[in-house]
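Using numbering that gives the first Met the number 0, you'd call the opening residue of the sequence shown number 0 and step up by one each time.
So the structure is just underneath, and the comments pick up after that.
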Amino acid sequence: MEDLYLDELEAVWEIETGFLGCLRGGVFDRALYGAFVTTLMRVQVEEGALLPARFVTLLWFVLPFMEQQAEQITATFPRDEYQLAQARIQQQLERILGFP
0 MEDLYLDELE AVWEIETGFL GCLRGGVFDR ALYGAFVTTL MRVQVEEGAL
50 LPARFVTLLW FVLPFMEQQA EQITATFPRD EYQLAQARIQ QQLERILGFP
């Protein structure tokens, strides 16, 4: 059985307390980012597994959302660091979800 860490992934989107929620407010919190990447790294999905819709929903919008926040975030946070953060998250999402 795969461990999908749904509670932790839900929490990432919480306003003021989650990494992505803080991005929405224009704040890149390094500690929350680190916790998010750690959660993604812990997610294990068996090859060919059918995934719950909620799990996919929580992950599929991460990168487009981060791109939407890029201009606001990089006004106060180094652009190259933000791009590196996006790339690291993309790497984990590709590992978890695979390619079509």
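Glycine included, C-beta positions come from ideal geometry on N, C-alpha and C.
Extent of the continuous alpha helix (DSSP H) to which residue i belongs
i	result
Ala-48	Neither: Ala-48 is in no alpha helix (DSSP H) and is coded neither H nor E.
Leu-3	Segment: none, Leu-3 is in no alpha helix (DSSP H) and carries neither H nor E.
Ala-74	Unbroken run through Ala-74: none, as it is neither H nor E.
Val-36	29–41
Gly-17	Premise fails: Gly-17 is in no alpha helix (DSSP H) and is neither H nor E.
Cβ-Cβ separation, residue j to residue i (assumed contact under 8 Å), whole Å
i	j	result
Gln-91	Leu-8	Not confirmed; about 12 Å, so no contact.
Val-44	Leu-50	7 Å
Leu-19	Val-11	5 Å
Cβ-based burial, residue i [other Cβ within 10 Å; buried from 16]
i	result
Gly-17	buried
Ala-30	exposed
Phe-98	exposed
Phe-35	buried
Phe-60	exposed
Leu-58	buried
Leu-5	exposed
Residues bridged to residue i (per DSSP)
i	result
Glu-90	Here the sequence assigns Gln to residue 90, which means Glu is not the residue at that position. For Gln-90, which the question treats as bridged, DSSP gives no partner whatsoever.
Near the ligand ZN: residue i beta-carbon under 7 Å from a heavy atom
i	result
Leu-92	Absence of the ligand ZN from the depicted structure is noted, as is the absence of any ligand whatsoever, leaving it without description.
Beta carbon of residue i nearer than 8 Å to that of residue j
i	j	result
Leu-22	Gln-68	yes
Ile-72	Tyr-81	yes
Phe-54	Leu-3	yes
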